[in-house]
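Engineer: Residue numbers (the working numbering): 584 to 1453.
A single structure is presented below for examination.
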Amino acid sequence: MSPTGRTIVIEEDLHVLDAATRELTPRAGELIARLPAHHEAVEAESSVVRSCTPEMTSAAGLRGEMRRLRGDLRDAGEKAGLAVVAAGALPLGPPTSSLEDETVRFRRLLADYEFLVRDQVYCSTGVRVGVTDRDRAVQVACRTSAHLPAFLALTASSPFLRDGSDSGHASYRSTAASRWPTIAPVAGVCSAEEYDALVDGLVASGVVSDASMVRFGVQPGRDGRTVELTACDSSPIADTAVLVAVLFRALVERESAALDRGAQVGSPADVSLRAAMWRAARSGLEGDLVDPGTARPRPAADVLTDLVTSLADELSAAGDLDLVRELLDDALYNGSSAYRQRQVLRRRTRPVDVVDLLVAETSGSTGTRSPMSATRGRLFGGYVPLDALDPDPSWDEAFGADGEPRPEYERVIERLERVGTVRLRARQIRAEQEAAVAGVTFRVTGEDRPHVFPMDFLPRIVTSEVWERLAAGVEQRARALDAFLNDVYGDQAIVAAGRLAPEALDRAPGYRSTGRVMRPGRIRAHISGVDLVCADDGRWLVLEDNVRVPSGIAFSHAHREMTTTLFGDLMEGYDLYSPDEAFPMIRRTLEATAPPAAGDDPAVVMLSSGPTDSAWFEHRLIAERAGLPLVTPDAVAFVDGVLHRRDRGGLHRIDVVYARIDEDMLLSSPGFDGVPLRDGLLEALFAGRLTVANALGNGVADDKAIYAAVPEMIDFYLGESPILDQVPTFLCADRTQRDHVLDRLAEMVVKPIDGYGGAGITIGPECTEAELAERREDLLARPERYIAQDVVSLSTLPTFDGREMQRRHVDLRAFAHLRREGGRTTAHAVPAALTRVAPAGSMIVNSSRGGGGKDTWFLRLPARAEGDPR
584 MSPTGRTIVI EEDLHVLDAA TRELTPRAGE LIARLPAHHE AVEAESSVVR SCTPEMTSAA
644 GLRGEMRRLR GDLRDAGEKA GLAVVAAGAL PLGPPTSSLE DETVRFRRLL ADYEFLVRDQ
704 VYCSTGVRVG VTDRDRAVQV ACRTSAHLPA FLALTASSPF LRDGSDSGHA SYRSTAASRW
764 PTIAPVAGVC SAEEYDALVD GLVASGVVSD ASMVRFGVQP GRDGRTVELT ACDSSPIADT
824 AVLVAVLFRA LVERESAALD RGAQVGSPAD VSLRAAMWRA ARSGLEGDLV DPGTARPRPA
884 ADVLTDLVTS LADELSAAGD LDLVRELLDD ALYNGSSAYR QRQVLRRRTR PVDVVDLLVA
944 ETSGSTGTRS PMSATRGRLF GGYVPLDALD PDPSWDEAFG ADGEPRPEYE RVIERLERVG
1004 TVRLRARQIR AEQEAAVAGV TFRVTGEDRP HVFPMDFLPR IVTSEVWERL AAGVEQRARA
1064 LDAFLNDVYG DQAIVAAGRL APEALDRAPG YRSTGRVMRP GRIRAHISGV DLVCADDGRW
1124 LVLEDNVRVP SGIAFSHAHR EMTTTLFGDL MEGYDLYSPD EAFPMIRRTL EATAPPAAGD
1184 DPAVVMLSSG PTDSAWFEHR LIAERAGLPL VTPDAVAFVD GVLHRRDRGG LHRIDVVYAR
1244 IDEDMLLSSP GFDGVPLRDG LLEALFAGRL TVANALGNGV ADDKAIYAAV PEMIDFYLGE
1304 SPILDQVPTF LCADRTQRDH VLDRLAEMVV KPIDGYGGAG ITIGPECTEA ELAERREDLL
1364 ARPERYIAQD VVSLSTLPTF DGREMQRRHV DLRAFAHLRR EGGRTTAHAV PAALTRVAPA
1424 GSMIVNSSRG GGGKDTWFLR LPARAEGDPR
């Protein structure tokens, strides 16, 4: 039988959904009744329709049939308020019991197999290829079974459980199916007679009720003249199913020819093949597969490419080689359906958004090919010149308006293009897995489980000239804010001079009596964070200040670890500061602030609320790298007026507390003696026996209304002009300014004065009319709680979305330390920073909104002494 004469049939299961709720619905029969008469389909389950192509010999014809059948299902569904999805499983649905039918067979299955029947509803795709007879079908099944993992990886589309939680597998369907007693990759027999005896024996054992329950990943077809591939998930992109079918036909042709030449039947060892199938189900296209030739791990893309190469003669003879190469190129570029689903859930956070993607892909209404530019491949092909996108574009830090990379990015972009989309995606997934192992996570408020912090591998590169200016600017700002804190909790000279309105302090939630406990003249803002944005024409602006518990330095370290481990070739030729320099700086800064009684060897601890804190990963990493004991409030207490920590070695004096905990929580928490820490802390601070960094009461300097006065502080306290500009700010407590904001509400950013983490912010151009109306009510009722700013068009950087580079907005959190050295306050910018990346379509960069981060490369300055205040 020639390859062009071998018939192919694709039989695929599709979920039937309510178009409005996007949940499974037991209306498969109704949908089938609406299909055209020529459409062969049956009700596989109450919520699953099984659609079947005619026998085809042409790959192009098979592709056309798949598109026609999908169109029939889409059109019939639209008329009935239904939709269909071809995927292994769905992340959204009603209780399985609502989908159970009342047939005797179903009730018998439920009685015999319990939870296996009550589990999720699964959909698979079968491919039947013509062979000469049933003996040949069994023999070919054995010889082709080693390639089952590759087919499963191509179609993996079931990453989620019905409740929307991640199974950790690309094909949970196949993993769940393996729990059934009579499902296996291959029968492992050499003839139809042996196959029938095996099946008859299983039925006779009573484990299964009939032969239809015995299913192998590849097996003889029901009609006796085909061999059937059953290992695959249903695939939302029809072309993926066509690719599998055409490859399987070529494989059947090759192995049939080998048998005709006298080759042995043979099949892989059952345990080895099961392990290889598990690996494919776990990783899909995004990880390694077990190479069928060497039994060693290899990237899935390489295994599949080699498979096509090995079948080139058979594919060419059938006229399919060019089509298969095109379809494989698309499949590898797009990634597995499981990967695409996870990307959507990460960006949009709702399982229904995943279902929307699957509905669109199944209907063929989503594009799957990326544009190619004249000079660039797919990775940067869609990253067109800025002027072509927007008459008033954001400043892109990596590319100029002519579409060419800026000089400092040329080498990185060239290297990424050489690696290509498929391998970059595999590296990024590996990076996320390593981050999960290392605990590089954050916790969203209100959620129990921490999330892996998304990290993008294209770095932000800051030249030495820009870094020198930024470093000087954040150091200047830190000195001014520290002077302000000392003043407002002391003489309030800035108020007496008329440079700050008294009511500004009255309205500031962070202005607290605890700030007066510390003796005057000591540093209060030991470690500060400054959020910066690069606006039009590369101009840097200060967006806000953080002098309570600025976080992020540990993520800077994690990003560099990822770059060094998985993308180290990107760094060749660049002379960079190391983020690890931040940790000894932290220890030196904390030791420098110890009270005099501490002597030359002060005892410093980091205090955290514990594993439930959103920044717990950072707390652990800083403590480890800076060599600080990490304690929680219940591990410390005051003994004879001195703070001690308790461990198995007994009690240990504490001189400095690096407090990475909310002030109210710190004061109200009981120590190991059951006594709240408040009174002991306040007394020890007042007496000068203890330092808390950063100081209590620092929240007033984080107030966004106070932020507006920082340029005044720089002039008043330092006698200098601001090195860095900041965003003009409107104080809504002032009626005139509030009215101006109300008139331009749709154009402005409005922020709570005490908000952080992106909470409570509205960005006018991104808001709905309802959101704007609600914010208008807030400003009329409680104007003193808000400030407003013009929208600053944050700069953009290329960010990998799994297939190509997309333009995403970014900001930068830089850090500065203050110390008393030689009788004066010195400032030290940290040569490490956190670049935060906003999700697509947004300018809010916080991780709780779906944002992530990038490695930040500061190109080195000429060497200077760390004590030089510049």
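Think of the CB as a built atom: it goes at the ideal place given N, C-alpha and C, for glycine as much as any other residue.
In this text the structure is predicted, and so the values were computed from the model without any measurement.
#1: Taking 8 Å as the cut-off, decide whether the C-beta atoms of residue 1110 and residue 1441 are in contact.
#2: Between which two residues does the beta strand (DSSP E) carrying residue 1108 extend?
#3: Can you name, in chain order, every residue of its own chain whose Cβ lies under 6 Å from the Cβ of residue 1094, other than the five neighbours on each side?
#4: In whole angstroms, give me the CA-to-CA distance for residue 1301 and residue 1063.
#5: Suppose only complete runs of 3+ residues qualify. What are the beta strand (DSSP E) ranges in the stretch 1371 to 1403, listed by chain order?
#6: Shortest alpha-carbon distance to residue 631 belongs to which of 637, 638, 613?
#7: Thinking C-alpha only, which one of 894, 1101, 1392 is nearest residue 1269?
#8: Under DSSP, the beta strand (DSSP E) around residue 1160 begins and ends at which residues?
#9: With a CB to CB cut of under 7 Å and the five nearest residues on each side skipped, what residues in its chain are close to residue 727?
#10: What did DSSP end up calling residue 1422 once you bin it into helix, strand or coil?
#11: How many Å lie between residue 1366 and residue 1349 at the Cα?
#12: What's the call for residue 1380, buried or exposed, on a 16-neighbour Cβ count within 10 Å?
#13: Quick check on the DSSP output: what are the complete beta strand (DSSP E) runs of length 3 or more inside the stretch 1276 to 1324, in order along the chain?
#14: Enumerate in chain order the residues of its own chain whose CB-to-CB distance from residue 1011 is below 7 Å, with the five nearest sequence positions on each side excluded.
#15: Considering just the uninterrupted stretch of the alpha helix (DSSP H) at residue 1038, what are its terminal residues?
#16: Taking all protein chains shown into account, do 16 or more other C-beta atoms lie within 10 angstroms of the C-beta of residue 854, making it buried, or fewer, making it exposed?
#17: Three or more C-beta pairs closer than 8 Å, one from the stretch 778 to 793 and one from the stretch 878 to 895: is that the case here?
#18: Tell me which same chain residues have a C-beta within less than 6 Å of the C-beta of residue 936, skipping the five on either side of it?
#19: Taking 8 Å as the threshold (C-beta atoms), are residue 824 and residue 593 in contact?
#20: From residue 1307 to residue 1118, what distance separates their C-alpha atoms?
#21: Taking the alpha-carbon of residue 921 as reference, which of 1317, 749, 1188 has the nearest alpha-carbon?
#22: Between which residues of its own chain and residue 1153 is the CB-CB distance below 6 Å, once the five residues before and five after are set aside?
#23: What is the rounded straight-line gap between the Cα of residue 1375 and the Cα of residue 1310?
#24: Return the Cβ separation of residue 864 and residue 739 in integer angstroms, given the expectation that the two are a contact with Cβ distance under 8 Å.
#25: Can you tell which of 758, 1386, 634, 1318 has its C-alpha closest to the C-alpha of residue 1370?
#26: Using a Cβ-Cβ cutoff of less than 6 Å, which residues in the same chain neighbour residue 910 once the five nearest sequence positions on both sides are dropped?
#27: What residues are listed by DSSP as bridge partners for residue 1025?
#28: Between residue 1273 and residue 1240, is the Cβ-Cβ spacing less than 8 Å?
#29: Can you look up residue 1237 in the DSSP assignment and give me helix, strand or coil?
#30: Helix, strand or coil for residue 1254, going by three-state DSSP, please let me know.
#31: Quick one: residues in its chain with C-beta nearer than 7 Å to the C-beta of residue 886, no 5 flanking neighbours on either side, listed in chain order?
#32: Considering Cα atoms alone, identify which of 1170, 1076, 1163, 616 is closest to residue 1140.
#33: Within 10 angstroms of the Cβ of residue 662, are there 16 or more other Cβ atoms? Answer buried if so, exposed if not.
#34: Tell me whether residue 922 sits in a helix, a strand or coil according to DSSP, three-state version.
#35: Measure the CB-CB distance between residue 1042 and residue 1334 and report whether it falls below 8 Å.
#36: What's the call for residue 669, buried or exposed, on a 16-neighbour Cβ count within 10 Å?
Structural biologist: This is what the structure gives:
#1: no
#2: Per DSSP, residue 1108 belongs to no beta strand (DSSP E) and is neither H nor E.
#3: 1088, 1283
#4: 7 Å
#5: Runs of the beta strand (DSSP E) lying entirely within the stretch 1371 to 1403 and spanning at least 3 residues, in chain order: 1379 to 1383.
#6: 613
#7: Across the set 894, 1101, 1392, the C-alpha of 1101 shows the shortest separation from the C-alpha of residue 1269.
#8: Looking at the DSSP string, residue 1160 is not in any beta strand (DSSP E), and its letter there is neither H nor E.
#9: 801, 834, 835, 838
#10: coil
#11: 21 Å
#12: buried
#13: 1312 to 1314, all fully within the stretch 1276 to 1324.
#14: 1040, 1383
#15: Looking at the DSSP string, residue 1038 is not in any alpha helix (DSSP H); the run it does join, the beta strand (DSSP E), is 1038 to 1045.
#16: exposed
#17: Note that the stretch 778 to 793 does not touch the stretch 878 to 895; fewer than 3 beta-carbon pairs, one per stretch, sit closer than 8 Å.
#18: 927
#19: yes
#20: 12 Å
#21: 749
#22: 995, 998
#23: 8 Å
#24: 7 Å
#25: 1318
#26: 822, 826
#27: 1034
#28: Going by C-beta atoms, residue 1273 is nearer than 8 Å to residue 1240.
#29: coil
#30: coil
#31: The answer, listed in chain order, is 733, 872, 874.
#32: Of the listed residues, the one whose Cα sits closest to residue 1140 is 1163.
#33: exposed
#34: helix
#35: no
#36: buried
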